[in-house]
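Protein chains: 2
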Amino acid sequence: MGTSGAKPWWRESAPAHNQLQYLELRDRIAAQIQAGVLGVGDRLPSERQLEDGLGSARGTVREALFQLEAEGLIYRRDRSGWYVCPAPILYDPTRSEGFMAYVTAQGRRPETETLSKRLVPAPDAVAGIFGVAEGTPLYDIRRLRSIDGRSVLVERIHVNPDLAPGLIDHSLDGSLTAVLKNAYGVAAARNRIAMKPCAILGDDAETLRARSGSPGLSVIRTSFDPAGRVVEYDQECWRHDAVIVSVDIRVAPPGH
Amino acid sequence: MGTSGAKPWWRESAPAHNQLQYLELRDRIAAQIQAGVLGVGDRLPSERQLEDGLGSARGTVREALFQLEAEGLIYRRDRSGWYVCPAPILYDPTRSEGFMAYVTAQGRRPETETLSKRLVPAPDAVAGIFGVAEGTPLYDIRRLRSIDGRSVLVERIHVNPDLAPGLIDHSLDGSLTAVLKNAYGVAAARNRIAMKPCAILGDDAETLRARSGSPGLSVIRTSFDPAGRVVEYDQECWRHDAVIVSVDIRVAPPGH
DNA sequence: GAGTGGTCTAGACCACCTT
DNA sequence: AGGTGGTCTAGACCACTCA
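Chains S and C, in that order, give the protein sequences.
Numbered according to my numbering, the first sequence spans residues 1 to 256.
Numbered according to my numbering, the second sequence spans residues 257 to 512.
Right, dumping it as structure tokens:
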């Protein structure tokens, strides 16, 4: 059944003796995935089939599936079924190479869709970050990004139009960083990145075709030009199972 | 009821018109938390009380609570109740100051408990990271860390004993980095950090007194000395709601 | 010992995807 | 049209916490 050389990229330990039904089922399916009996992209048996096979109630089966989802081993396609997750992408937010480049470099197929690009008055929270008055016009770009046809990330980017006038007249389906650099000579000298596990809610959930409340990873990236001005404020919402954030850092000498 | 000045540190948007019962309850409770009606550390009404107040079944109530847990707004204390989450700690894994220091600096009370410290033969996966043969002796340290009395993090640290002979004879309830530096003159010149949302399983779950399968954040930190040798390999498992990872990076000039 | 969440059952109807 | 997951009900018993 395996579609690819599935390897155990996560979950090093196999928990021991469980008495609980849903933990047993969880670990059984996890073992099948790790062994490659279920390969990447395969669909699991339906909940009602699993129910029969175990003599458990459907709620119990679903509890096991939820846990595997939390582990990042399986995901759901709404009302279609449960599928084995592809391996996560390695993402280094400190590198200037864009999504398209690093996904391709990992042998996967990236896509970007620009959902909207507009000039908007800065909302309160964002204005403070750019150091401008509330209501100052900012570019607001919303994009959806996919890997191998699976939507994995929605992002909302704010850009200071003073540094990149006419930005939204460019095609933004590639690397925004590249456009900023090539068309405007603007490049980040410093990045501040904040990450937090989150729930995918509302619009983001709809866009990702995920259930509202499903687990995600919020990555917020603020990039500054050499003069310390905010160039770009990027709020990314990832499916939690799609990414490993990896950062490589040279430690500053003592004394900061 | 609020015990502290609760502020909406997360969840910027309030989702709109919901027809679904559990989403309505979820958003209602979220609003109460944001408004400070429910303050940090407060206990929510019991599931059966919420059931009555809504005329919903208990499963529906629980679905709402699970979503709030996924958002990091509430957490459970096993068989005791649901409580409003404290604000997450900001964690910068690139700084050399330890847990005790940065938690204190944020006005919180840190604790560290060393669960075990031993010399063990390097397991396969870890040996590769240190670049030593499988079975080579390595220090293996396991610690539990808490903030304001709440367990938030378990970590397993491997250290090359060649670089720090006798390390485990020191007290490791403080900053390991400080011990390495002060007693051995060993300091990291480079850090590699990988982060991924995960599920808290098995031993880690027991240690954190969390339910197996509850959402977590895995942070794996590899630090290298100036000669490029691995000093420390640190696998951290955080409660997902306890931390925001924040990194500040000066971008390397083009050409790497 | 009373109350809490944790687990489990056995149904039901619905919206949506798939074919 | 048939099958899937999504939501919801109304119970039950248990292990554990807390007073």
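We put the beta carbon where it would ideally sit given N, CA and C, even for glycine.
None of the values given here were measured: they were computed from a predicted structure.
Self-check item: Rounded separation between R145 (chain S) and R282 (chain C) - CA only
Solution: One-based indexing of the first sequence puts residue 145 (chain S) at position 145. One-based indexing of the second sequence puts residue 282 (chain C) at position 26. The alpha-carbon atoms of R145 (chain S) and R282 (chain C) are separated by roughly 28 Å.
Quiz item: Along the chain, where does the alpha helix (DSSP H) that runs through Q491 (chain C) open and close?
Solution: Position 235 of the second sequence, counted from the first residue, corresponds to residue 491 (chain C). Per DSSP, Q491 (chain C) belongs to no alpha helix (DSSP H); it is in the beta strand (DSSP E), 486-495.
Practice problem: Taking only beta-carbon positions, decide if N160 (chain S) is within less than 8 Å of chain C. | Solution: Taking the first sequence and counting its residues from 1, the one referred to as residue 160 (chain S) is at position 160. Look at N160 (chain S): its C-beta is not under 8 Å from any C-beta on chain C.
Practice problem: Could you pull out every residue in the same chain whose Cβ sits closer than 6 Å to the Cβ of A127 (chain S), ignoring the five residues on either side in sequence? | Solution: Translated into positions along the first sequence, residue 127 (chain S) becomes position 127. So the qualifying residues of the chain are E134.
Quiz item: Taking all protein chains shown into account, do 16 or more other C-beta atoms lie within 10 angstroms of the C-beta of S427 (chain C), making it buried, or fewer, making it exposed?
Solution: On the second sequence, position 171 is the one that residue 427 (chain C) refers to. Classification for S427 (chain C): exposed.
Quiz item: Hey, how far is the Cα of D396 (chain C) from the Cα of P379 (chain C)?
Solution: Working through the second sequence from its first residue, we reach residue 396 (chain C) at position 140. Working through the second sequence from its first residue, we reach residue 379 (chain C) at position 123. Spanning the two alpha carbons is a distance of roughly 11 Å.
Quiz item: Out of S:R79, S:R48, S:V84, which has the shortest C-alpha to C-alpha gap to A30 (chain S)?
Solution: One-based indexing of the first sequence puts residue 30 (chain S) at position 30. Residue nearest to A30 (chain S) within the set S:R79, S:R48, S:V84 is S:V84 (criterion: CA-CA distance).
Exercise. Identify whether T316 (chain C) lies in helix, strand or coil by the three-state DSSP scheme.
Key: Stepping through the second sequence from its first residue, residue 316 (chain C) is reached at position 60. Residue state, collapsed to three classes: helix.
Quiz item: Taking DSSP as the reference, what is the three-state secondary structure of G202 (chain S)?
Solution: Within the first sequence, numbered from 1, the residue matching residue 202 (chain S) stands at position 202. Secondary structure at G202 (chain S): helix, using DSSP grouped into helix, strand and coil.
Quiz item: When the cut-off is 8 Å and only beta carbons count, does R506 (chain C) lie next to chain S?
Solution: Taking the second sequence and counting its residues from 1, one reaches residue 506 (chain C) at position 250. Yes, because at least one Cβ of chain S sits closer than 8 Å to the Cβ of R506 (chain C).
Practice problem: Name, in chain order, the residues that DSSP records as bridge partners for L400 (chain C). | Solution: Locating residue 400 (chain C) in the second sequence gives position 144, counting from the first residue. Beta-bridge pairing links L400 (chain C) to C:E369, C:V410.
Quiz item: Going by DSSP, what residues sit across from F224 (chain S) in a beta bridge?
Solution: Against the first sequence, residue 224 (chain S) aligns to sequence position 224. Paired residues: S:R190, S:V230.
Self-check item: Span of the alpha helix (DSSP H) around G309 (chain C)
Solution: Numbered from its first residue, the second sequence carries residue 309 (chain C) at position 53. Unbroken alpha helix (DSSP H) run through G309 (chain C): 303-310.
Quiz prompt | Best match in S:S212, S:V152, S:V245, S:L176 for proximity to S96 (chain S) [C-alpha to C-alpha] | solution = On the first sequence, residue 96 (chain S) is found 96 positions in, with the first residue counted as 1. Of the residues S:S212, S:V152, S:V245, S:L176, the one whose Cα lies closest to the Cα of S96 (chain S) is S:L176.
Self-check item: Against chain C: residues of the stretch 163-176 of chain S by CB proximity under 8 Å
Solution: none
Quiz prompt | Burial state of P349 (chain C) (16 or more Cβ within 10 Å) | solution = Counting from one through the second sequence, the residue named residue 349 (chain C) turns up at place 93. Residue burial is scored here from C-beta neighbours: P349 (chain C) has at least 16 other C-beta atoms within 10 angstroms and is therefore classed as buried.
Quiz prompt | Contacts around A445 (chain C), its chain only, beta-carbon distance under 7 Å, and the 5 residues preceding and following it disregarded | solution = Position 189 of the second sequence, counted from the first residue, corresponds to residue 445 (chain C). Excluding its 5 nearest sequence neighbours in each direction, A445 (chain C) has C-beta neighbours in its own chain below 7 Å: F480, D481, P482, listed in chain order.
Quiz item: chain S beta carbons: is any one of them nearer than 8 Å to that of T350 (chain C)?
Solution: Locating residue 350 (chain C) in the second sequence gives position 94, counting from the first residue. Yes, its Cβ sits closer than 8 Å to a Cβ of chain S.
Quiz item: If you measure from the beta carbon of K196 (chain S) to each beta carbon in chain C, is any gap under 8 Å?
Solution: Working through the first sequence from its first residue, we reach residue 196 (chain S) at position 196. Cβ-Cβ to chain C under 8 Å: yes for K196 (chain S).
Practice problem: Using a Cβ cut-off of 8 Å (strictly closer), state whether D449 (chain C) contacts chain S. | Solution: For the purposes of this step, residue 449 (chain C) is identified with residue 193 of the second sequence, where counting begins at 1. Just to set this straight, residue 449 (chain C) is Ile in the shown sequence, not Asp. Cβ-Cβ to chain S under 8 Å: yes for I449 (chain C).
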